[in-house]
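Notes to accompany the following structure.
Number of protein chains: 4
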Amino acid sequence: MLKHISTIRVRYADTDKMQFVYNGKYLEYFEVGRTELLRSLGLPYSEVEKQGYQLPVVEASVKYKSPAHYDDLLEIETMVKELPDPKFRIHYVIRNMTTPDTKIVAEGFTDHLFIKTETKRPTRPPKFYMDIILPFYQAK
Amino acid sequence: MLKHISTIRVRYADTDKMQFVYNGKYLEYFEVGRTELLRSLGLPYSEVEKQGYQLPVVEASVKYKSPAHYDDLLEIETMVKELPDPKFRIHYVIRNMTTPDTKIVAEGFTDHLFIKTETKRPTRPPKFYMDIILPFYQAK
Amino acid sequence: MLKHISTIRVRYADTDKMQFVYNGKYLEYFEVGRTELLRSLGLPYSEVEKQGYQLPVVEASVKYKSPAHYDDLLEIETMVKELPDPKFRIHYVIRNMTTPDTKIVAEGFTDHLFIKTETKRPTRPPKFYMDIILPFYQAK
Amino acid sequence: MLKHISTIRVRYADTDKMQFVYNGKYLEYFEVGRTELLRSLGLPYSEVEKQGYQLPVVEASVKYKSPAHYDDLLEIETMVKELPDPKFRIHYVIRNMTTPDTKIVAEGFTDHLFIKTETKRPTRPPKFYMDIILPFYQAK
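Top line first, the protein sequences correspond to chains A, B, C and D. Here our numbering is used: the first residue of the first sequence is 2, the next is one more, and so on. Here our numbering is used: the first residue of the second sequence is 2, the next is one more, and so on. Here our numbering is used: the first residue of the third sequence is 2, the next is one more, and so on. Here our numbering is used: the first residue of the fourth sequence is 2, the next is one more, and so on.
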């Protein structure tokens with residue numbers, strides 16, 4: 002399994018008049034999570050794009066567990082549990098590091114497909130990607 | 002069933018470098034859909050808040066069907082199929098009015114609960130809300 | 002002088018925990034103003050881009066006069082007072098149509114230059130643009 | 002003079018179809034700059050709010066010098082050159098740490114006033130703020 006933890010600070014711009022983080026912002030936090038997961042593998046997403054591929058979101062889901070507030074420090078746990086087939090799901094758990102009990106703020110997933118930038122059509126995961134992630138899934 | 006159709010114009014700010022609308026923006030478009038549904042019932046959400054209630058999103062889901070581009074005119078169909086119990090689900094279908102076949106751009110739902118603004122705790126749907134929506138669900 | 006008035010409804014997503022519209026959002030409202038000004042001339046910005054040109058913002062300024070709130074209906078007055086030389090300034094005045102005195106919410110400007118999409122380099126305003134705007138500045 | 006340097010990573014959500022960071026996003030980057038400046042003084046803005054004060058933006062200005070791209074690492078230099086009188090100006094210079102010459106991406110300022118949260122009316126800078134910043138401006 003691929004797994005990475007990154008952190009994010011809630012901006013004033015992220016909040017709404019309900020005093021909490023706006024519901025749509027969590028999809029942006031998920032983006033930060035998967036971007037940093039890829040970077041930790043030595044494969045920044047900008048490099049994926051330079052190779053002529055893109056990874057659009059085909060489905061997204063968020064469960065809002067407890068509100069996050071301005072200036073809270075959030076931890077985003079990002080996990081990829083299975084190999085692409087060819088679609089793959091990225092899981093996220095966001096915890097609030099500002100509260101003593103590190104409450105879960107939100108959980109969710111995004112589903113992705115590789116497409117070729119040039120044709121914008123789905124394609125099998127490229128070899129340079131598989132080479133990097135396969136070792137994480139191999140039987141011991 | 003409650004149903005409403007509103008329209009939205011894609012802004013430059015909504016797009017990202019993939020040339021399409023950013024995935025997180027659709028939750029904002031869903032917000033426009035339910036805001037205009039409530040307004041069409043004579044019950045703007047700002048009035049719900051003035052009565053001391055809020056309707057936070059507790060879960061959200063989006064399926065991305067085909068990309069929307071800058072300046073596309075989108076139609077948001079917003080539907081509430083069931084009475085609150087006490088949670089209720091709002092369904093959305095976004096269609097692209099700029100393409101001749103009015104392709105579906107995205108589909109999804111948001112789940113909501115009434116909370117009291119003062120206590121931030123869940124509560125049964127208030128009477129003023131039920132009085133307005135009940136006629137839409139009554140047997141003929 | 003070129004002049005156009007468009008309207009915008011403040012979204013929940015636009016507000017922040019101060020209960021007002023977030024300061025950065027006004028640059029997005031300005032975008033709506035100039036987009037609709039161009040459309041009213043029969044020259045949507047998407048058409049400008051199809052012709053191989055872009056109009057990036059090189060400077061922006063906003064004065065915040067009175068707060069706008071969730072669901073307020075705002076009027077954006079957009080004006081171009083002078084011909085491009087080659088830079089040109091677009092002026093904006095945003096008024097709150099929800100308050101009885103249609104208070105000014107914000108004023109500001111954005112400065113723009115034509116660039117060629119291919120080279121990303123500044124260029125003189127293209128003929129198709131000048132043909133459309135020149136009549137608005139000619140002496141009677 | 003007060004001065005602080007913080008860094009920011011450009012998100013996909015921050016870009017637009019021109020492939021650069023959207024012009025309105027820079028006001029959000031400025032927010033990060035002043036938030037981290039205040040935190041470095043031991044006075045997080047959330048603490049200012051807890052004391053019953055807010056610091057709304059009354060004017061903002063941005064000059065866009067060179068485009069920033071997805072995943073670029075930006076450095077935000079934030080400076081307060083003068084004491085509040087009672088309005089005060091915060092200056093920002095954003096540099097691109099990803100380019101070898103650390104090009105300036107944008108420069109600008111925001112003007113602020115203290116208001117009391119309860120009355121939403123302007124007020125003199127509170128003592129707890131002046132006590133912290135005065136030593137930075139005293140003659141040697």
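Ideal Cβ placement from N, Cα and C applies to all residues, glycine included.
Minimum Cβ-Cβ distance from residue i to chain A less than 9 Å
i, result
"C:Gly-25", "yes"
"B:Glu-60", "yes"
"B:Thr-111", "yes"
Nearest to residue i (by Cα), restricted to the options the options
i, options, result
"D:Val-22", "B:Phe-21, B:Lys-51 and B:Asp-17", "B:Asp-17"
"C:Asp-86", "C:Tyr-30, C:Tyr-71 and C:Pro-123", "C:Pro-123"
"D:Ile-160", "D:Tyr-65, D:Lys-82, D:Pro-126 and D:Thr-79", "Because residue 160 of chain D is not part of the residues shown, which for chain D are 2 to 141, the question remains open."
"C:Pro-126", "C:Met-2, C:Phe-89 and C:Val-94", "C:Phe-89"
"A:Val-81", "A:Phe-137, A:Met-19 and A:Ser-7", "A:Phe-137"
"D:Ile-95", "D:Gln-20, D:Met-2 and D:Lys-26", "D:Lys-26"
"D:Ile-6", "D:Leu-28, D:Arg-40, D:Asp-15 and D:Lys-128", "D:Arg-40"
"B:Lys-51", "B:Met-131, B:Lys-117, B:His-70 and B:Gln-139", "B:Lys-117"
"C:Leu-135", "C:Glu-83, C:Phe-31, C:Lys-121 and C:Asn-97", "C:Glu-83"
"B:Lys-121", "B:Met-2, B:Ala-69 and B:Val-58", "B:Val-58"
"A:Lys-128", "A:Asn-97, A:Met-98 and A:Val-49", "A:Val-49"
"C:Leu-42", "C:Pro-101, C:Phe-31 and C:Met-2", "C:Met-2"
"D:Phe-31", "D:Glu-60, D:Tyr-130 and D:Met-19", "D:Glu-60"
Pair within 9 Å by beta-carbon distance, residue i and residue j
i, j, result
"D:His-113", "D:Ile-91", "yes"
"C:Leu-75", "C:Ile-133", "no"
"A:Thr-36", "D:Tyr-13", "yes"
"B:Tyr-93", "B:Thr-79", "yes"
"C:Glu-119", "C:Gly-53", "yes"
Chain D within 9 Å of residue i, Cβ atoms only
i, result
"A:Arg-12", "yes"
"B:His-5", "no"
"C:Lys-121", "yes"
CB-CB length for residue i against residue j, believed under 8 Å
i, j, result
"D:Phe-56", "D:Phe-115", "In the sequence as displayed, the identity of residue 56 of chain D is Leu instead of Phe. Going by Cβ atoms, the distance from D:Leu-56 to D:Phe-115 rounds to 6 Å, so yes, they are a contact pair."
"D:Phe-110", "D:Ser-67", "Rounded, the Cβ-Cβ distance is 19 Å, inconsistent with contact."
"D:Glu-69", "D:Val-11", "Correcting the residue type first, residue 69 of chain D is Ala in the shown sequence and not Glu. Right, the Cβ-Cβ distance comes to about 6 Å (below 8 Å), so this counts as a contact."
"B:Asn-24", "A:Leu-38", "Not confirmed; about 17 Å, so no contact."
"B:Asp-73", "B:Asn-97", "6 Å"
Min CB distance residue i to chain B below 9 Å
i, result
"A:Lys-117", "no"
### Task
Closer than 7 Å, Cβ to Cβ, to anything on chain C: give me those residues from the segment 15-42 of chain A, in chain order.
Residues of the segment 15-42 of chain A with a C-beta atom less than 7 Å from some C-beta of chain C are Thr-16, Asp-17, Lys-18, Gln-20, Tyr-23 and Gly-25, listed in chain order.
### Query
For the segment 43-77 of chain B, which residues have a beta carbon sitting closer than 7 Å to at least one beta carbon of chain A?
Within the segment 43-77 of chain B, the residues whose Cβ lies closer than 7 Å to some Cβ of chain A are Gln-55, Pro-57, Val-58, Val-59, Glu-60, Ala-61, Ser-62, Val-63, Lys-64 and Tyr-65, listed in chain order.
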